[in-house]
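Once you know that position 154 of the sequence shown is 153 in numbering that gives the first Met the number 0, the rest is easy, because the numbers rise by one and skip nothing. The structure under discussion appears below in the form of structure tokens.
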Amino acid sequence: MNPLHEISDPEQSEVTRREFLGRIGAVCALAGAPAAAAGQGAPKNDPDKPNTPLKAKASQMKLGTVSYNLAKDWDIETLIKNCEQTQFEGAELRTTHAHGVEVTLTKPQRDAVKKRFLDSKVALMGLGSAFDYHTPDPAKLRQDIDATTEYIQLAHDVGAPGVKVRPNGLPNTVTVEKTLEQIGKSLREIGVFGADLGVQIRLEVHGSGTSQLPHIRTIMDVASHKNVGVCWNSNQTDLEGKGFDHNFDLVKDRLFVVHMRDLYLEEYPFRRLMTRLVESGYRGFCLAEMPSSTDPIRVMRYYRALWLSYQGLI
Numbered sequence: 000m001n002p003l004h005e006i007s008d009p010e011q012s013e014v015t016r017r018e019f020l021g022r023i024g025a026v027c028a029l030a031g032a033p034a035a036a037a038g039q040g041a042p043k044n045d046p047d048k049p050n051t052p053l054k055a056k057a058s059q060m061k062l063g064t065v066s067y068n069l070a071k072d073w074d075i076e077t078l079i080k081n082c083e084q085t086q087f088e089g090a091e092l093r094t095t096h097a098h099g100v101e102v103t104l105t106k107p108q109r110d111a112v113k114k115r116f117l118d119s120k121v122a123l124m125g126l127g128s129a130f131d132y133h134t135p136d137p138a139k140l141r142q143d144i145d146a147t148t149e150y151i152q153l154a155h156d157v158g159a160p161g162v163k164v165r166p167n168g169l170p171n172t173v174t175v176e177k178t179l180e181q182i183g184k185s186l187r188e189i190g191v192f193g194a195d196l197g198v199q200i201r202l203e204v205h206g207s208g209t210s211q212l213p214h215i216r217t218i219m220d221v222a223s224h225k226n227v228g229v230c231w232n233s234n235q236t237d238l239e240g241k242g243f244d245h246n247f248d249l250v251k252d253r254l255f256v257v258h259m260r261d262l263y264l265e266e267y268p269f270r271r272l273m274t275r276l277v278e279s280g281y282r283g284f285c286l287a288e289m290p291s292s293t294d295p296i297r298v299m300r301y302y303r304a305l306w307l308s309y310q311g312l313i
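Next comes the structure, spelled out in structure tokens:
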């Protein structure tokens with residue numbers, strides 16, 4: 000028997016009917032809740048929530064490659080194609096490699112190189128020389144400085160905003176202090192020349208003895224020019240002395256570009272490097288120096304994924 004039929008008072012019956020129907024509606028609403036949650040009522044994806052589909056956030060830094068090793072046999076077309084395919088945003092072209100961007104290029108050839116990069120998604124972010132200024136021979140030193148100015152002119156002509164140079168050791172025939180001062184003064188000279196053309200001078204942390212960050216800081220202090228900065232090179236010597244953080248702090252205000260070896264190397268604190276770069280406000284290029292591979296596209300994709308993950312972006 001229906002319980003409603005037992006109610007004799009019509010007014011009480013109407014109230015009870017309303018309560019009964021209301022309860023039925025509530026039950027139906029609860030039964031339909033899962034369907035609603037799965038449909039239009041579901042919360043939209045939030046990039047900060049763990050249930051969001053995996054997608055890399057943008058880095059404040061940019062990833063590129065050095066033509067050294069992995070890309071040494073690529074012409075410009077191949078280099079640009081491979082970088083675009085793997086979302087590498089720039090390239091530093093080291094001298095003597097297959098890309099052929101050398102001081103022997105004519106003006107039309109230089110113009111063509113500049114246009115090709117401008118028409119692509121890949122920035123020609125620098126040229127990499129092998130010039131150094133530690134030699135105790137004055138004639139050789141002058142020759143290297145003059146050759147560097149030619150290379151700076153090439154960078155200007157092809158649209159590269161910087162040139163990488165380096166020290167390459169500490170001669171044992173003169174004091175360390177004298178060598179560091181000579182390198183710094185040489186950098187100041189080419190820094191002035193480059194500034195007039197809008198081309199940075201980027202000193203690679205390189206060479207036996209000269210790769211020690213306290214020595215690089217001394218060189219920077221002697222050069223004392225806003226157009227002269229440091230190319231961090233991810234060497235094991237970065238961990239020597241008072242340790243990685245101390246050495247990073249010595250030059251963090253002068254960083255123009257960063258070179259990185261294979262990121263899987265456990266001997267080097269690459270995750271810490273990424274953290275310090277972000278903390279310091281660095282927004283320039285991180286350039287991969289990877290060995291040759293028979294599957295370069297796959298390697299580059301893995302490299303980018305690890306670079307992003309070390310920043311906590313994927």
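We treat Cβ as the ideally placed atom computed from N, Cα and C, and that holds for glycine.
Leaving out five residues on either side along the sequence, give the residues of the same chain with a beta carbon under 6 Å from the beta carbon of Gly193.
Ile151, Ile200 and Asn226
Quick check on the burial criterion: 16 or more other C-beta atoms within 10 angstroms. Buried or exposed for Lys206?
Position check: residue 206 holds Gly in this sequence, whereas Lys was assumed. With 16 or more other Cβ atoms within 10 Å, it is buried.
Have a look at Lys139 and Ala159 and give me their C-alpha separation to the nearest angstrom.
26 Å
Go to Gly161, then tell me how far its beta strand (DSSP E) extends in each direction, as first and last residue.
Gly161 to Val164
Using a threshold of 8 Å, state whether the C-beta atoms of Glu83 and Val121 are closer than that.
yes
Simplified DSSP assignment, three categories, for Val100:
coil
What first and last residue would you give for the beta strand (DSSP E) that runs through Gln86?
Run containing Gln86: none; DSSP gives neither H nor E here.
Ignore the nearest five residues each way along the sequence and tell me which others in Arg253's own chain have a CB closer than 7 Å to its CB.
Met219, Gly228 and Val229
Tell whether a beta-carbon distance below 8 Å holds between Leu169 and Gly208.
yes
Would you check if the region 127-144 and the region 167-186 touch, i.e. whether three or more CB-CB distances between them fall below 8 Å?
yes
Out of curiosity, what's the CA-to-CA distance linking Val112 and Ala287?
22 Å
CB Leu126 to CB Val100, shorter than 8 Å?
yes
Alpha carbon to alpha carbon, how far is Val198 from Leu153? Give it in angstroms, no decimals.
10 Å
Measuring straight from C-alpha to C-alpha, what distance separates Asp156 and Leu123?
12 Å
Going by Cα to Cα distance, which pick from Asp195, Thr174 and Gln211 is closest to Lys241?
Gln211
Can the beta-carbon of Met299 be found less than 8 Å from the beta-carbon of Asn81?
yes
Do you know how far the Cα of Gln310 is from the Cα of Arg303?
11 Å
Does the beta-carbon of His245 have 16 or more other beta-carbons within 10 angstroms, so that it is buried, or is it exposed?
exposed
Verify whether the separation of the beta carbon atoms of Val164 and Leu202 is less than 8 Å.
yes
Excluding the 5 residues flanking Phe116 on each side, which residues of the same chain have their C-beta closer than 6 Å to its C-beta?
Leu123
Measure the C-alpha to C-alpha separation of Cys269 and Lys251 and round it to an integer number of angstroms.
Note that residue 269 corresponds to Phe in the displayed sequence, not to Cys. Whole-angstrom Cα-Cα distance: 16 Å.
Burial state of Asn167 (16 or more Cβ within 10 Å):
buried
Let me check understanding here. Comparing Cα to Cα, which of Gln59, Arg187, Arg282 and His96 lies closest to Val256?
Arg282
With distances taken between CB atoms, is the gap from Ser292 to Arg260 smaller than 8 Å?
no
Classify Leu169 as helix, strand or coil using the three-state DSSP reduction.
coil
Within its chain, find whatever has a CB closer than 8 Å to the CB of Arg323; leave out the 5 residues flanking it on each side and keep chain order.
Any property of residue 323 remains undetermined from this structure, which presents the chain solely from 0 to 313.
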